[in-house]
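See below for the structure under consideration.
This is how it looks when you write it as structure tokens:
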């Protein structure tokens, strides 16, 4: 339709391995003038407790941090961090994006989710 902006929604999620940093990525937009807008993210500890602080970052494909949160030391199973961004976080045009969870400890496994749209 003429005059309308095409919006393509997307989501990405994954599970980390114990004691391993993990990133889950959204590929580059369909062309170089379009950009991703991140609208929400969450991360949940599904086993054990954290050893030390565990960072959760939203980054562009060049590792530039767009948003960061963390689980505190000894965060328990079921602990959650996350945010819904009313206006979204824009990723520079033509770049992919990712959610990165740091290693949480020898038995700590984290589920991470990120969603948004392309415009």
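Residue numbers (this note's numbering): 1 to 119.
The C-beta atom is built at its ideal place from N, Cα and C for all residues, glycine as well.
Here the structure is a predicted model, which is why all the values come from computation and not from measurement.
To the nearest angstrom, report how far apart residue i and residue j are at their CA atoms.
i, j, result
"residue 7", "residue 75", "37 Å"
"residue 97", "residue 84", "16 Å"
"residue 116", "residue 86", "11 Å"
"residue 81", "residue 73", "14 Å"
"residue 62", "residue 77", "31 Å"
"residue 51", "residue 71", "10 Å"
"residue 99", "residue 37", "13 Å"
"residue 39", "residue 103", "24 Å"
"residue 10", "residue 27", "10 Å"
"residue 1", "residue 68", "In this prediction, residue 1 has a pLDDT of 45, which is less than 50 and means its spatial position is unreliable; what the coordinates show is noted afterwards. Roughly 38 Å between the two C-alpha positions."
"residue 16", "residue 64", "21 Å"
"residue 57", "residue 88", "15 Å"
Just tell me which of the options has its CA closest to the CA of residue i.
i, options, result
"residue 59", "105, 23, 103", "23"
"residue 14", "42, 55, 88", "42"
"residue 66", "118, 119, 90", "90"
"residue 132", "95, 21, 114, 88", "Absent from the structure is residue 132, since the part of the chain shown begins at 1 and ends at 119."
Inspect the beta-carbon positions of residue i and residue j and report whether they are closer than 8 Å.
i, j, result
"residue 79", "residue 32", "no"
"residue 18", "residue 106", "yes"
"residue 25", "residue 12", "yes"
With hydrogens ignored, establish whether the beta-carbon of residue i is closer than 7 Å to any heavy atom of the ligand ZN.
i, result
"residue 29", "Absence of the ligand ZN is noted for the structure shown, with no ligands found whatsoever."
Q: Say whether the stretch 106-118 touches the stretch 39-55, bearing in mind that this needs 3 or more beta-carbon pairs closer than 8 Å, one atom from each stretch.
A: yes
Q.
Please give the ranges of any beta strand (DSSP E) in the stretch 8-64, keeping only runs that are unbroken, at least 3 residues long and fully inside the region.
A. Runs found: 8-15, 22-26, 36-45, 54-60.
Q. Of all the beta strand (DSSP E) runs that stay within the bounds of the stretch 82-113, which reach a length of 3 or more residues?
A. 97-101
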